[in-house]
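Just so you know, the sequence shown maps onto residues 187 to 736 in this note's numbering.
All residues carry an ideal CB built from backbone N, CA and C; glycine is no exception.
Keep in mind the model is a prediction, meaning the values are calculated, not measured.
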Amino acid sequence: MSGLLEGAKNLVSRGGDLGERLDGLNAATTAATGRLDDGIVEDARTVVNKAQGRLKLSADHTVVGVAGATGSGKSSTFNALTGLELSAVGVRRPTTSWATACVWGSEGAQELLEWLGIPERHQTTRDSMLDTRREGHELDGVVLLDLPDHDSTEVSHHLEVDRLVELADMLVWVLDPQKYADAAIHDRYLQPLRTHSEIMVVVLNHIDRVPEDRREAMLGDVRRLLDQDGLRNVPVIPVSAKLGWGIPQLKTEIAQRAAAKRANKSRLSADIKTAAVKLAKASGDAKPRSLAKPRVEALEDAIAEAAGVPTVVDAVERSVRTRARAATGWPLVSWVSRLKPDPLKRLHLALGEEATQLAGRARTSLPQTTAVERARVDTEVRQLADEAGAGLASPWRDAIRRASVSRMDDLADSLDASVGSVDLNAERLPMWTGLVKVLQWLLIIVAGVGLVWSVALLLSGAAAVGEVTPSVAGVELPYVLFLGGAGLGLVLWAVCHLLVISTARRRARAADARLRTAVADVSRELVVDPIETELAAYSALRHGVAKALR
């Protein structure tokens, strides 16, 4: 908890927007991972980690790195600034890859030195017992580093320089009158750090060795080279570490920046900006996009066709029609309909509530997807990806294309399982079919009674001897019962035939809607969601970069 509080305190002291900008860069880096160039992303991640580490450490100290080539007088300048002979110079300079640190004000500096990776034997504090001089406190809060020679033949030396140049809050570049135009420092350090001009100072050492009438011209030439490097705002200070010329001016420059506590903030701000600009350039400046609904629907239609949805819907209609006709037809002959195979069961599709139980046990027997249907699905996926990536930079277009097909191998199995698990509602017949069956049997019974009665009358000869038989509207009741029962049965069958067709079509439409919803879920999971994930990542990167550059 104390670490969090300290981090919050440091953030406030360095400017409230720095933490927000760092959050933006972190979000952009996360979104760019696996999508943009690995080198650019890794550089941005390094900046995030470095900045997070620095913000947790002392905000009262400014890390100043003194860097230069062999023979530039870098260590002499360091000693002149500290007032102590801490760094060996010339031929006495040790062949070590470690930097030497001098700290003004040790409180809170130890964690910072550990973060910088400076061994204890290379650390000195000006408020220690070694310092017996009585001097002012203008450099209080400064951590001065004497870096190894950047042009050393020892690889470990310039690797250490590169590492500490990335960590220092402020950089003092010491140039030699004979090698100030050396490409080794301009091409490797100064020009690449043009975005960090606010944290740099250039020192032209050994000015006492330059004839007085050539000093201004040489300083002007140094200025010209720095301008070419994009460092127009970097001050150039002529010094002679040996004679002490210019050292007070250099010390004042360092002290002012340390007192203003702007060097460390400027360094982190410049790092964040540089990394964000690189991400922005690699990502492009197109506006974030969203998928067009008609294009998504076209993909869903193509996948539905490939999944055999029309075949299943047709089977549902025929199955409901067959079952309903068997339930509402003339009972004496309707049993013939039950001998016909159910179209849905032939496809191994569940008809009702058993759908969920059967879905995981066996594959359906839907027809194999044809080459034409597969080609249509591939075309729709490609067009959806191309439309989603239109106008975006090539890394994002490539990422969207990869995402669109990343799960296509799962499409067939997912569709089969999805279609097989849909409740097609084909087994449950409407309640009116039960009533119709009862009526059909009642009419059969009535017609049977009339038929038996009529036959009995004919065989007994009752009609011939004039026996009185009940009649309805002048028609004898036995004939009324027989003809009425049979006639009404035919009428009921005709009416039910129309109702069966309507019911079958309605059930088919409902099944089509359920199946297409299931197909849409598969399409979204396997194709649409991966694409939208990439679009969301692009939007997050754009938002994060904008926040980092704010």
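If contacts are defined as beta-carbon pairs under 8 Å, then residue i and residue j qualify, I think. What distance do you get, rounded to the angstrom?
| i | j | result |
| --- | --- | --- |
| L405 | P363 | The pair is not a contact, with the Cβ atoms about 10 Å apart (cut-off 8 Å). |
| V605 | V567 | The pair is not a contact, with the Cβ atoms about 19 Å apart (cut-off 8 Å). |
| D326 | T248 | In fact, because the Cβ distance is near 10 Å, the residues do not count as touching under 8 Å. |
| H386 | V420 | Checking the displayed sequence, the identity of residue 386 turns out to be Met instead of His. About 5 Å; that satisfies the 8 Å criterion. |
| V425 | L361 | Going by Cβ atoms, the distance from V425 to L361 rounds to 10 Å, so no, they are not a contact pair. |
| M594 | L454 | Not confirmed; about 44 Å, so no contact. |
| L482 | V686 | Position check: residue 482 holds Val in this sequence, whereas Leu was assumed. No, V482 and V686 are not in contact; Cβ-Cβ is about 36 Å, not under 8 Å. |
| L222 | A468 | 5 Å |
| L353 | L302 | 6 Å |
| G577 | A213 | Actually they do not touch by this definition, with Cβ atoms about 22 Å apart. |
Under the rule that 16 or more other beta-carbon atoms within 10 Å means buried, what is residue i, buried or exposed?
| i | result |
| --- | --- |
| H344 | buried |
| H323 | exposed |
| D399 | exposed |
| K260 | buried |
| Q442 | exposed |
| R695 | exposed |
| N265 | buried |
| L676 | exposed |
| D471 | exposed |
| R307 | exposed |
| E720 | buried |
| D698 | buried |
| I631 | exposed |
| V495 | buried |
Can you tell me which of the three DSSP states residue i falls into?
| i | result |
| --- | --- |
| P742 | Residue 742 lies beyond the residue range present for the chain, which begins at 187 and ends at 736; the question has no answer from this structure. |
| V396 | coil |
| P496 | helix |
| G575 | helix |
| T703 | helix |
| S580 | helix |
| R415 | Reading off the sequence, residue 415 comes out as Asp, not Arg. It is coil, neither helix nor strand. |
| V677 | helix |
| S338 | coil |
| V608 | coil |
| A253 | strand |
| L429 | coil |
| S657 | strand |
| E559 | helix |
| L485 | helix |
| E206 | helix |
| E503 | helix |
| T689 | helix |
| E711 | helix |
| T219 | coil |
| E324 | coil |
| E662 | strand |
With respect to the beta strand (DSSP E) encompassing residue i, which residues constitute its N-terminal and C-terminal limits?
| i | result |
| --- | --- |
| W359 | M356 to L361 |
| T769 | Residue 769 is absent from the model: the chain starts at 187 and stops at 736. |
| D332 | V328 to D332 |
| I423 | V422 to P424 |
| L243 | Neither: L243 is in no beta strand (DSSP E) and is coded neither H nor E. |
| L267 | Here L267 belongs to no beta strand (DSSP E); instead the alpha helix (DSSP H) covers K260 to T268. |
| V389 | M386 to L390 |
Whole angstroms is fine: what's the gap from residue i's alpha carbon to residue j's?
| i | j | result |
| --- | --- | --- |
| D209 | A456 | 15 Å |
| R401 | Q435 | 17 Å |
| R700 | S600 | 16 Å |
| V502 | L667 | 39 Å |
| P581 | L465 | 12 Å |
| R475 | I304 | 49 Å |
| A585 | E384 | 37 Å |
| G291 | L330 | 11 Å |
| S258 | D415 | 20 Å |
| V341 | V347 | 10 Å |
| R702 | R614 | 21 Å |
| D332 | A285 | 5 Å |
| Y366 | R410 | 11 Å |
| R693 | A484 | 24 Å |
| H336 | E271 | 21 Å |
| A732 | A230 | 15 Å |
| A574 | K451 | 39 Å |
| K236 | R710 | 39 Å |
| L241 | R349 | 18 Å |
Over the uninterrupted alpha helix (DSSP H) stretch that includes residue i, give me the two end residues.
| i | result |
| --- | --- |
| M594 | M594 -> no alpha helix (DSSP H), and no H or E assigned at all. |
| A466 | A449 to S469 |
| L625 | M617 to S646 |
| Y724 | D715 to A734 |
Determine, using beta carbons only, whether residue i comes closer than 9 Å to chain B.
| i | result |
| --- | --- |
| H323 | In the structure shown, chain B cannot be found, because there is only a single protein chain. |
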